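Note that numbering that gives the first Met the number 0 has the sequence shown beginning at 0, numbered continuously upward.
Think of the CB as a built atom: it goes at the ideal place given N, C-alpha and C, for glycine as much as any other residue.
Please read all numbers here as calculations on a predicted model, not as lab measurements.
Encoded as structure tokens, the structure appears first; notes follow it.
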Amino acid sequence: MSQPAHVAVVGAGPAGAALAYLLARRGIRVTLIERQTDFAREFRGEVLMPSGIDAIRQMGLGAEFDALPQARPQAIDFHVHGRFVRRFALPDFMEDPPRMVSQPRLLEMLVAQGEACEGFRFVRGGAVTDLIEEGGRSVGVRLRGEAPEEIRADLVVGCDGRGSVVRRRAGLDEPRDPESFDVIWFKVPLPPQVGPDGAVQAFLRPGQLCLALPAFDGRLQVAWLIRKGSYGDLKQRGTDAWLADIAVQTGPEIGAHLIRNRGALESPFVLDVVCYLLERWTAPGVLLIGDACHPMSPVGGQGLNIALRDALVAANHLVTVLEAGAAPEALDAACAAVQAERFPEVAEVERYQRMPPKVVFRSDWWVGAVLWLAAGLARLGFPRGRVALPPITRTFLHGVTDVKLEV
Ligand SMILES: Cc1cc2nc3c(=O)[nH]c(=O)nc-3n(C[C@H](O)[C@H](O)[C@H](O)COP(=O)(O)OP(=O)(O)OC[C@H]3O[C@@H](n4cnc5c(N)ncnc54)[C@H](O)[C@@H]3O)c2cc1C
Numbered sequence: 000m001s002q003p004a005h006v007a008v009v010g011a012g013p014a015g016a017a018l019a020y021l022l023a024r025r026g027i028r029v030t031l032i033e034r035q036t037d038f039a040r041e042f043r044g045e046v047l048m049p050s051g052i053d054a055i056r057q058m059g060l061g062a063e064f065d066a067l068p069q070a071r072p073q074a075i076d077f078h079v080h081g082r083f084v085r086r087f088a089l090p091d092f093m094e095d096p097p098r099m100v101s102q103p104r105l106l107e108m109l110v111a112q113g114e115a116c117e118g119f120r121f122v123r124g125g126a127v128t129d130l131i132e133e134g135g136r137s138v139g140v141r142l143r144g145e146a147p148e149e150i151r152a153d154l155v156v157g158c159d160g161r162g163s164v165v166r167r168r169a170g171l172d173e174p175r176d177p178e179s180f181d182v183i184w185f186k187v188p189l190p191p192q193v194g195p196d197g198a199v200q201a202f203l204r205p206g207q208l209c210l211a212l213p214a215f216d217g218r219l220q221v222a223w224l225i226r227k228g229s230y231g232d233l234k235q236r237g238t239d240a241w242l243a244d245i246a247v248q249t250g251p252e253i254g255a256h257l258i259r260n261r262g263a264l265e266s267p268f269v270l271d272v273v274c275y276l277l278e279r280w281t282a283p284g285v286l287l288i289g290d291a292c293h294p295m296s297p298v299g300g301q302g303l304n305i306a307l308r309d310a311l312v313a314a315n316h317l318v319t320v321l322e323a324g325a326a327p328e329a330l331d332a333a334c335a336a337v338q339a340e341r342f343p344e345v346a347e348v349e350r351y352q353r354m355p356p357k358v359v360f361r362s363d364w365w366v367g368a369v370l371w372l373a374a375g376l377a378r379l380g381f382p383r384g385r386v387a388l389p390p391i392t393r394t395f396l397h398g399v400t401d402v403k404l405e406v
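See the structure below:
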């Protein structure tokens, strides 16, 4: 009897860990390769939208997901020019509101589910450095690590994130335009006025946007958008100076809290924001999904959700072909079908992701005027009751296409 098909999945982020589990539970041999030994060493966003939560529930892992450390904010508070404007209760707009979830724990949970399946192998701490090529086709990967090895496979799926080695080695890299902004991230203790399941705080003024979210670990996650390349100047001015800038933006209460907790500021770092979409996600014997083919901006908290949805669609197209013996032409056609199905949603989401920074960083007079007008209307109580969500919000919450796991 011939060997069952074998897939090498490179990278155990949400895309790779989810896909590896979905294939393994259908009896397909999978090797999942992750360069880190500890998931906490790779920073990811923590916001899961209803679309991502739905993907996990479709995988049959709803109970395991609900048991993970998480914060469930109940509202969004909007502040304009440092003044509180309006609170919007999230349950008024959606049934399963976004949650902030521990990414290391989510990934450990997905890998543990995979490990319970026969034929699943997890290589922890092994970095893929190259593809094995034969007859114009990739037939496996080379690993560097404690035990360097070659892993041969019918298909290599690159889920190795924004700096993907698989993408580069498969010749799928493309030139791209840089985004106009970066983001400074840090955590501080949670202020009493926010609380563990309290409100997300959004601070807006022309040229500035800052978000503060209650995180899964009982702290406050702060994300501050800055003009691209301006971090060098901020760093030179020192933490006290840029914290004072944020404090002006966030108004007296949160601002004072940030400055008081300056010493407890945890792991501040700057995210070099990239956002683009490859024209080609496949090469003979190779498929890319997740950030490897569409690195996402943090705007709208989309990357994790889109990565999970990619995994569901990839499993739908790949399982039958792998079960039927993994003929190379059929596999390549299935990979092309994954791209064809996912491309429109990713393109639409990234189009929306580029919009808010473009408006925020404009210095035109009308941006300030629109903000004042919106703040005035919101204070007067508009909109009232349950309203239809604008397309950008609907897209960020629920995605664009209907993604259903079929295998
Ligand atoms: C600061 C920040 C905040 C964000 N906020 C949010 C948010 O709130 N909500 C949201 O939905 N998205 C957010 N995102 C985006 C989100 O984290 C990514 O879009 C998502 O993690 C992509 O998943 P992925 O599985 O494709 O890739 P990744 O999560 O990047 O995983 C790739 C994995 O591959 C491994 N790897 C890389 N190279 C190799 C190699 N050569 N060999 C073996 N393994 C390798 C890496 O160690 C990593 O574990 C944020 C991103 C950042 C950086």
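Using the rule of at least 16 other Cβ atoms within 10 Å of the residue's Cβ for burial, across every protein chain shown, is residue i buried or exposed?
i: S266; result: exposed
i: Q192; result: exposed
i: D363; result: exposed
i: A374; result: buried
i: E278; result: exposed
i: K403; result: exposed
i: W371; result: exposed
i: L376; result: exposed
i: W280; result: buried
i: W241; result: buried
i: F119; result: buried
i: L189; result: buried
i: V369; result: exposed
i: G380; result: exposed
What three-state label does DSSP hand residue i in the structure shown?
i: G144; result: strand
i: Q112; result: helix
i: S101; result: coil
i: H80; result: coil
i: D129; result: strand
i: G380; result: coil
i: T400; result: coil
i: P191; result: coil
i: A323; result: coil
i: E416; result: Residue 416 falls outside the range modelled here, since the chain spans only 0 to 406, and no answer is possible.
i: S481; result: The first residue shown for the chain is 0 and the last is 406, placing residue 481 beyond what the model contains.
i: E252; result: helix
i: L370; result: helix
i: G12; result: coil
i: T281; result: strand
i: K227; result: coil
i: T36; result: coil
i: R168; result: helix
i: R71; result: coil
i: L388; result: coil
i: S163; result: coil
i: E45; result: coil
i: G51; result: helix
Would a C-beta distance cut-off of 8 angstroms place residue i and residue j closer than the cut-off?
i: V298; j: P343; result: no
i: V320; j: L330; result: yes
i: L307; j: L154; result: no
i: E33; j: R123; result: yes
i: L311; j: A54; result: yes
i: A198; j: D91; result: no
i: V100; j: E45; result: yes
i: D290; j: G302; result: yes
i: V187; j: V9; result: no
i: A14; j: D309; result: yes
i: I183; j: W223; result: yes
i: G12; j: G160; result: yes
i: L270; j: D181; result: yes
i: P213; j: G228; result: no
i: V156; j: I288; result: yes
i: G262; j: V138; result: no
i: R98; j: L47; result: yes
i: A314; j: L21; result: yes
i: H293; j: V345; result: yes
i: G144; j: G125; result: yes
i: R28; j: H5; result: yes
i: A115; j: T30; result: no
i: V127; j: F185; result: no
i: R71; j: D196; result: yes
i: A7; j: I150; result: yes
i: L60; j: R104; result: no
i: L210; j: V359; result: no
i: L89; j: Q69; result: no
i: R378; j: V165; result: no
i: I305; j: V348; result: yes
Ligand 2 heavy atoms versus the CB of residue i: any closer than 7 angstroms?
i: F42; result: Although ligand 2 was asked about, the structure shown includes only ligand 1 as ligands.
- If you pair each beta-carbon of the segment 247-256 with each one of the segment 202-214, do three or more pairs fall below 8 angstroms? yes
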